[in-house]
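Q: For the protein sequence lines, the chains are R and D, in the order given. In terms of numbering that gives the first Met the number 0, the first sequence opens at residue 0 and continues consecutively. In terms of numbering that gives the first Met the number 0, the second sequence opens at residue 0 and continues consecutively. Cβ atoms here follow ideal geometry from the backbone N, Cα and C, with glycine treated the same way. Pasting in a structure now, in structure tokens, and then I'll have a few things to ask.
Protein chains: 2
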Amino acid sequence: MLIRLSTGRTFDFTAGESILQALKKQGVYLVSSCGGKGTCGKCRIKIVAGNYSTGMAGRLEPHERESGIALACQTFPGGDVFIDIPKESLLVVGDIIEISRAKDLTGLFRSLDGRISPLVKHIPLELAPPSIENNTGDLERLEKAAEEKGLKGMSFPHAFVASLAQSLREAVWKIDLAFTDGPGALFISPLEEKPRYGIAADIGTTTIVVYLINLLEGSVVDVGSTYNSQIRYGDDVITRIIFATEGGGLQELREAVINNVNNLMVPMLERHDIKAEAVETAVVAGNTTMMHIFWGLNPGYIREEPYTPTLNAFPLWKAGDAGITINRQAPLYTVPCIASYVGGDIVAGVLASEMHRKSGISLFIDIGTNGEIVIGNNEWLVTAACSAGPCFEGSGIRHGMRATEGAVESLRIDPVTFEPSLGVIGNSKPAGICGSGMIDAVTEMFLTGVIDQKGKFVDSIDTKRVRKGFEGPEFLFFSDNQRDIVLTGVDIENIIRSKAAIYAGISLLLRKVGLTIHDIENVCIAGGFGNYLNVDKAITIGMLPDIPREKYRFLGNTSIAGAYLCLLSEGMRKEAEEIARKMTNIELSVSRRFMDEYMSALFLPHTDIGLFPTVAKLLGK
Amino acid sequence: MLIRLSTGRTFDFTAGESILQALKKQGVYLVSSCGGKGTCGKCRIKIVAGNYSTGMAGRLEPHERESGIALACQTFPGGDVFIDIPKESLLVVGDIIEISRAKDLTGLFRSLDGRISPLVKHIPLELAPPSIENNTGDLERLEKAAEEKGLKGMSFPHAFVASLAQSLREAVWKIDLAFTDGPGALFISPLEEKPRYGIAADIGTTTIVVYLINLLEGSVVDVGSTYNSQIRYGDDVITRIIFATEGGGLQELREAVINNVNNLMVPMLERHDIKAEAVETAVVAGNTTMMHIFWGLNPGYIREEPYTPTLNAFPLWKAGDAGITINRQAPLYTVPCIASYVGGDIVAGVLASEMHRKSGISLFIDIGTNGEIVIGNNEWLVTAACSAGPCFEGSGIRHGMRATEGAVESLRIDPVTFEPSLGVIGNSKPAGICGSGMIDAVTEMFLTGVIDQKGKFVDSIDTKRVRKGFEGPEFLFFSDNQRDIVLTGVDIENIIRSKAAIYAGISLLLRKVGLTIHDIENVCIAGGFGNYLNVDKAITIGMLPDIPREKYRFLGNTSIAGAYLCLLSEGMRKEAEEIARKMTNIELSVSRRFMDEYMSALFLPHTDIGLFPTVAKLLGK
């Protein structure tokens, strides 16, 4: 049997396969947030011709179904079919994308430490060439010269020994010896001035960012970012863990992310005419699941109570062993994690935020694919992962999408006509709603009275914009002959659940340490999402605490910023390890108190309006 | 074009290939001591039918050439050929062979140290299972338990971390932790009594010996030995180095020896129902070239002045990385070498001989594929490699062969009739002469007046046993309608050169330390050859010093004995390293004094007959 695409491509498929699976085999990936369970409704295709059976019709309007729209994961052809894949259903991974950058990294580094002390140290050694009177082994000769410079007890890995004889002779016995603390020999090169590079990588659940850094100057040479190709297997860490364990796909996931990093790096090196061997250190930061997969470790126990990672403090690894195509001997430093759901991205974030150095209380919030919170100062730190879920990245929202071209990123609703005006990324035709658009939408619907404090549609509102969908009432933001963009009651519930999880996390952590929101002196908003967030609106829906707006700071991608700091400075690596050691993780999932806080936060803005005085004022209460 | 063998096998070959190369491609290896240069004359075949051109006719009798005998390495078929390969030309490697064993190893160990302290240490750890209140990482949990037992700062390799989560749970948190000094974690296993094993391997240029050892008791479980498959590329270390460097065959040579070790080991483990994982340590000893090839290091600089090895003191390696199919994490210890031509086999030998512990002066001689000498006591040690060459293993001798079935190992010549009586290994038809047979032959020819003090045939001797060959006079020891076995004047020259090199080495070392042969209290003869050596005859030809016979001891394979000691005991490893550190290597090849000593020793027994009083007496002088 054949599948023919509207692009003209035709291929065979095996009976019994879903169209999603058949397309995947051909390298055509569809958005599939739920991993192919028929629940996210994102893998929409149009069957133009041919017989097919479709198991579940959920997540589709009746008129859509009638016009041949189907979910690829639930649809099984009964013979040759001709299908059309809408642009928004296509998952584009691996492409280089523009992402929110960290703020000026070089300035950050100067203000924090400023003394460059990378993992790889160098020492010049001039060896006496061998003679018949002194023909001891090459390694013994090098060892002696190193000992004379105070480097005793150095360890020599096999790869170092394997290339030693030739390298020494090519360098005519005048060498630069690269080593790590221990001391552990890494490689030798001829004794000459040459630039040295390192990479810092943020391995996010959704995006991967790689910075190429000049290690002599601390400057950013180039930046690359892409979607994490693991998205093919699901949007959040849980679907990835399931695929890694039950699906036996650990190696596949690992290769996906390693390829992403290499594919970002290789063109950067080419562009700047830098040899892979000149890149001599790598630092990676990411959440605990991403780091387990990167390390090739079964992440299964992260998901099972009592949520135990295999390790939080990762030893040094070798880039060559990890599969990163830089100098094979380059040490690979993994920013330490805290717990199963608070990873090295958060440690890196705290490091970059400097909250661990200040005596005043700071609140750090990273809203990415999940939501993590840290509260503390230079004496103590507490943290929690609050299971906000990836809804702000589009997952679980009917027409949700990431903040890429076509995403509604801001919107207003006219309080009289209820007509919306949309701000769309790239000023193109709207394709969906991204996180900041969702917060705007809920705020506007709430302030214009379209929805009530519980997020329910108010029956008495008279506008054609609110209509009855197959899942209940929904607000129509956009419509043309090809598609509608709505926010449904179910979507709003999901958004409120996410914002409630974040607020409840903050409340619970504060309660644990005996503080209130008024004790917070600084709020650091991190994560790609943070760049577009409208704080006023996020406070209006009760996601962020109602405290003076000037306390809020947007830090962008603090994970890559922290990785960069660790790449450049031994002091920063020690601080990162100290942050990881002293941070106390609170498991919210088993806390009854958290459930209480969460239930209270499932209102707009909150059951206790007294916590949101500026919102109360806005509502005229 | 086709080659057809008398066994019936037929195969294609490419024009321009020698028959030796064509056979090699088919996995048929011929004895080829010189590596295919046409000089050793060992790869004899009979061309039964077909056209061929043969480049050099050296090393063959005219009547042999006429009857179709040719050297495979020099013969190029001009069309289809039909050939017959004589049994003695076939190289049998990889088969399990019987070799000289070391003397009672267990007794040796008891007398030297007796306290078993292998490289791998074990500690029982009972971890608190994780709970929601304490869900730190598995590694941090293990680390804490280890620290409580005093093991601080342990390093954890990737392979350890990769299997940790599952192993801990399978062992229900009660584990045995295996580690090396450092401390470096290796692997964990359930906490239960179980036997532990190690292997000791002697990687000789000619033979490979593997002992499987019970590490709890120190006993020898099983022994296996085989010819080093590298023999396919030449008999001595020089031909191997040339093949590794000029021929680009380093990896091929390395794989040959690794396969030899694995092929010996696997059936032993099966026979005793031992799992590969239970073999947790490996120790290897061998000469410097063999160790470089084993480690995958370019041995080229060993051969080039000033004869510099890449290293003498090898770091610990992992069996898994080395390709030895025991526990992947098992540490692999390489007995340290001294110099390019004095290797770990000699260090192991000195260790096993105990000469480094005695106050009296000992002389240690290892006559294997090369000849190495050590003189010293518990305060100092000097050593030299004396380039004796592999002639005693059959190389460079017209009808020389190793001490296997069919080898003439002892002989007498009737002083009146000049008729020889031969002692043949396996009491079979003679196929050639091995080392001890050569020494007997030269001694007998010398004592019966067939050859003079210079090793030249004496014209006045009237016997049909001495005949004119194409290389000059030769002594016919055996003849039937298929083949003759002779010792030629050229062979005798080679034997005298070898014995002279050994004696000159001893003389020079003694001179260097201001001693004479009379200061020697013990002579230790090591090496496979040592087992069959007739000391009286070796003294008669002037190979060994003429001192009281009771000072001589035969130690057999001391390389494997030393490897065994290092496998069992930390004290022995320290002693081996101390021996390597304190031993002074003398480069004979650049010593003019050595040339003088060597020239003087090119006589039977020696230019200075005063050095050989018992031989003088025998000769009636």
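(1) Which value, in whole angstroms, describes the spacing of the CA atoms of residue 43 of chain R and residue 433 of chain R?
(2) Please report the distance separating the alpha-carbon of residue 39 of chain D from that of residue 295 of chain D.
(3) Just to make sure I have the definition right: I need the residues of chain D whose C-beta is within less than 8 Å of the C-beta of residue 316 of chain R. Which are they?
(4) Would you mind listing the beta strand (DSSP E) stretches within the region 106-160 of chain R that are 3+ residues and don't spill past its ends, in chain order?
(5) At the 8 Å Cβ level, is residue 292 of chain D part of the contact set with chain R, yes or no?
(6) Using a C-beta cutoff of 8 Å, does residue 286 of chain R count as contacting chain D?
(7) From which residue to which residue does the beta strand (DSSP E) around residue 52 of chain R run?
(8) Please check if any C-beta of chain R sits within less than 8 Å of the C-beta of residue 175 of chain D.
(9) Would a C-beta distance cut-off of 8 Å place residue 136 of chain D and residue 311 of chain R closer than the cut-off?
(10) Start and end of the beta strand (DSSP E) containing residue 226 of chain D?
(11) Does the distance from the C-beta atom of residue 138 of chain D to that of residue 155 of chain D stay below 8 Å?
(12) Are the region 58-77 of chain D and the region 17-31 of chain D touching by the rule of at least three beta carbon pairs closer than 8 Å?
(13) Could you list the residues in the region 383-406 of chain R with a C-beta less than 8 Å from some C-beta on chain D, going in chain order?
(14) DSSP beta-bridge partners for residue 184 of chain D?
(15) May I ask which residues mark the beginning and end of the alpha helix (DSSP H) holding residue 361 of chain D?
(16) With a 10 Å radius around its C-beta and 16 neighbouring C-beta atoms as the bar for buried, classify residue 78 of chain D as buried or exposed.
(17) Hey, how far is the Cα of residue 22 of chain R from the Cα of residue 10 of chain R?
(18) I'd like the span of the alpha helix (DSSP H) that includes residue 491 of chain D, first residue to last.
(19) Tell me the DSSP bridge mates of residue 382 of chain D?
(20) With a 10 Å radius around its C-beta and 16 neighbouring C-beta atoms as the bar for buried, classify residue 215 of chain D as buried or exposed.
(21) So with CB distances below 7 Å, who are the chain R contacts of residue 305 of chain D?
(22) Between the C-alpha atoms of residue 540 of chain D and residue 516 of chain D, what's the straight-line distance to the nearest angstrom?
(23) Does any CB atom of chain D fall closer than 8 Å to the CB of residue 144 of chain R?
(24) How many Å lie between residue 132 of chain D and residue 609 of chain R at the Cα?
(25) Please specify which runs of the alpha helix (DSSP H), each continuous and at least 4 residues long, are wholly inside the region 388-470 of chain R, giving them in chain order.
(26) Please check if any C-beta of chain R sits within less than 8 Å of the C-beta of residue 160 of chain D.
(27) How far does the beta strand (DSSP E) with residue 197 of chain D in it extend, from its first residue to its last?
(28) Under 8 Å Cβ to Cβ from residue 427 of chain R, same chain only, skipping five residues before and after it: list those, please.
(29) Anything in chain D within Cβ reach of residue 139 of chain R, meaning under 7 Å, just list it in chain order.
(30) Does the beta-carbon of residue 316 of chain R have 16 or more other beta-carbons within 10 angstroms, so that it is buried, or is it exposed?
(31) Residues of chain R with CB under 7 Å from residue 165 of chain D, in chain order?
(32) What is the rounded straight-line gap between the Cα of residue 522 of chain R and the Cα of residue 337 of chain R?
(33) Does the Cβ of residue 127 of chain R have 16 or more other Cβ atoms within 10 Å, making it buried, or fewer, making it exposed?
(34) For the region 586-620 of chain D, which residues have a beta carbon sitting closer than 7 Å to at least one beta carbon of chain R?
(35) With a threshold of 8 Å between beta-carbons, can residue 338 of chain R be considered close to chain D, or not?
(36) May I ask you to list, following chain order, the residues of the region 169-198 of chain R that have a beta carbon less than 8 Å from some beta carbon of chain D?
A: In short, the structure shows the following:
(1) 18 Å
(2) 28 Å
(3) 157
(4) 120-125
(5) no
(6) No, no contact with chain D.
(7) 51-53
(8) no
(9) yes
(10) 219-226
(11) The beta carbons of residue 138 of chain D and residue 155 of chain D sit closer together than 8 Å.
(12) The region 58-77 of chain D is in contact with the region 17-31 of chain D.
(13) none
(14) D:178
(15) Taken as a continuous stretch (DSSP letters only), residue 361 of chain D belongs to no alpha helix (DSSP H), being part of the beta strand (DSSP E) at 360-366.
(16) The residue in question, residue 78 of chain D, is exposed, as its Cβ has fewer than 16 Cβ neighbours within 10 Å.
(17) 9 Å
(18) 488-511
(19) Its beta-bridge partners are D:373, D:584.
(20) Result: exposed.
(21) 129, 130, 131, 134
(22) 16 Å
(23) no
(24) A straight-line Cα-Cα distance of about 34 Å links residue 132 of chain D and residue 609 of chain R.
(25) 434-446
(26) yes
(27) For residue 197 of chain D, the enclosing beta strand (DSSP E) stretches over residues 196-202.
(28) So the list reads 404, 405, once near-sequence residues are dropped.
(29) 310, 311, 312
(30) buried
(31) 297
(32) 21 Å
(33) exposed
(34) 586, 589
(35) yes
(36) none
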